[in-house]
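Just so you know, the sequences run in chain order A and B.
Taking our numbering, the leading residue of the first sequence gets 12, the next gets one more, and so forth.
Taking our numbering, the leading residue of the second sequence gets 3, the next gets one more, and so forth.
One structure below.
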Amino acid sequence: MISKLRNGTVAGLLISSLALGLGTVAVMSAAPAMAQSAAEKAAVDAAKAKGDVGEQGDGYLGFVKPSTDQALAAAVAAINAGRMAVYRDTAMKTGVSLEAAGQATAQQLFARLPPGQYFKPLNGDWTRKT
Amino acid sequence: MRSWAMLCAAAFAGGIGLAGCTPTVRVEVAPINIYARLDANVRVRLDQEVQTLIQQNPNLF
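Set out below in structure tokens:
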């Protein structure tokens, strides 16, 4: 009787710990992704403020000057990949091409770019916003 | 007077000939601005979607 109860308790504990474990896994997989992109955003924002990274006419980030910063390069690549995904969504929703969605976004990003930061129009050179 | 007219005609023909020979280089500079060529209605809709997209993705923009 006792052993049966104990077994039942153990099983209950196992199930609850399994559920807890699953919950933890779910939280853990969501949390680093968010933290990572926030860190990437911070790195890119700092580089934009320094004039090392700027906004391109195609809707993606680009290097105004060559950089050896590997972490920054990874951050730029990650954000550009994320942008491509949302451009694809918008393109599908509005029935335009992926390129058009990126270019449309670039127009708005240029407009809201703080003075002193760089943008590169399609077929143009890096320009410092005044 | 007649020679002047002929000279004029020759110059004119020469001009045309020269223009005809001038190679017209049409280079479609890539990347092409596709956005600018969109239908106005589509562009308005796209602009609204883009505004939302920027606001909803603070980690990307």
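Note that the Cβ used here is the ideal one computed from N, Cα and C, for glycine as well.
Since we're looking at a predicted model, the values are computed, not measured.
Does DSSP classify A/Y98 as helix, strand or coil?
Looking at A/Y98 - three-state DSSP - the assignment turns out to be helix.
Under the three-state DSSP convention, the category A/Q128 falls into:
Under the three-state reduction of DSSP, A/Q128 is assigned to coil, being neither helix nor strand.
Assess contact between the segment 72-83 of chain A and the segment 101-115 of chain A, defined as three or more Cβ pairs (one per stretch) separated by less than 8 Å. Is contact present?
Verdict: no, contact absent.
Check whether the segment 111-131 of chain A and the segment 33-50 of chain B are in contact - that is, three or more C-beta pairs closer than 8 Å.
Taking one beta carbon from each stretch, the segment 111-131 of chain A and the segment 33-50 of chain B have 3 or more pairs nearer than 8 Å; the two touch.
Who are the Cβ neighbours of B/I56 in its own chain at under 7 Å, not counting the five residues just before and after it?
Same-chain partners within the cutoff: F63.
For B/F63, which of helix, strand or coil comes out of DSSP?
Three-state result, B/F63: coil.
Report the three-state DSSP secondary structure of A/A89 (helix, strand or coil).
If DSSP states are grouped into helix, strand and coil, A/A89 belongs with the helices.
Go through its chain and collect everything with a Cβ distance to B/D49's Cβ below 8 Å, but skip five positions before and after it.
Its chain contains no residue whose beta carbon lies nearer than 8 Å to that of B/D49 once the 5 sequence neighbours on both sides are disregarded.
Scan the segment 36-55 of chain B for residues whose Cβ lies nearer than 7 Å to a Cβ of chain A and list them as they occur along the chain.
Listed by position, the residues of the segment 36-55 of chain B near chain A (Cβ gap below 7 Å) are I36, Y37, L40, V44, R47, L48, D49, E51, V52, Q53, L55.
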